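Contents: one structure, followed by commentary.
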Amino acid sequence: MKRSTIDKVLSTIGLLMTAVLLVTSVALFLTQNFIHTQVAQQLEPQKIVFPAADSPAINALAAKDKEAVSKYAGQQVTTGAQASVFANNYIAAHIKTISGGMSYSELSTASRSDPTNTKLAAQVDTVFKGETLRGMLLNAYAFDTMASVALFAAYGAAIAGFIMLVLSLLGFSHSKNEVVKNKKK
243 MKRSTIDKVL
253 STIGLLMTAV
263 LLVTSVALFL
273 TQNFIHTQVA
283 QQLEPQKIVF
293 PAADSPAINA
303 LAAKDKEAVS
313 KYAGQQVTTG
323 AQASVFANNY
333 IAAHIKTISG
343 GMSYSELSTA
353 SRSDPTNTKL
363 AAQVDTVFKG
373 ETLRGMLLNA
383 YAFDTMASVA
393 LFAAYGAAIA
403 GFIMLVLSLL
413 GFSHSKNEVV
423 KNKKK
């Protein structure tokens, strides 16, 4: 097989790969936008707002949690990053205080062992609600993180597609030069 024919075949395959990479890139950009938008649209109506910076709710937190929560003081939770901080540094800290460090499962077991203890039953109810909200916020964070990964993959596929396009065009150019060189011989 002639060198120019090999160049044309490989360059054509390169153009097909370029198309696949660029279509994949567009799909990943759309995916990122869809997920990110959905996270915001699901969080906004919940109207979850970080307490003000000087509030007792923030001041009662441990230093690490207080620092993380203070970054978003007074803001509404609308992003995955905010959802993560609210879940892990605000809700979890308050749940730990309410439950005395016990998990929902441990509290629930204790409550079932002492069904007349209304204080314990109220703790179980509060911790259950807090853990449920925390889980939902962490799901929003996970999906928003997937959107970020899709964005990086989209950029990678776009860059790879453009590199493949340049290489394919160089291959066609080389093929043409080989034909011209062979005609001169």
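Position 160, counted from 1, in the sequence shown is what my numbering calls 402; the numbers after and before it change by one each time, with no gaps. Glycine residues also receive a C-beta, built at the ideal position from the N, C-alpha and C atoms. As the structure is a computational prediction, the values presented were derived from the model and not from experiment.
Item to check | Gln317 (DSSP reduced to helix, strand or coil) | outcome: coil
Checklist entry - Taking the C-alpha atoms as reference points, what is the distance between Glu373 and Ala389? => result 24 Å
Next on the checklist: With a threshold of 7 Å on Cβ separation, who are the neighbours of Ala261 within its own chain once the five nearest residues in sequence on each side are excluded?
Outcome noted: none
Checklist entry - Contact between the stretch 351–364 and the stretch 317–332: three or more CB pairs below 8 Å? => result no
Checklist entry - Just to confirm, are Ser345 and Gln365 a CB contact at a threshold of 8 Å? => result no
Checklist entry - At which residues does the alpha helix (DSSP H) containing Ile277 begin and terminate? => result Arg245 to Leu285
Checklist entry - What's the C-alpha gap between Gly403 and Leu270? => result 13 Å
Checklist entry - Can at least three beta-carbon pairs, one atom from the stretch 407–420 and one from the stretch 286–302, be found at a separation below 8 Å? => result no
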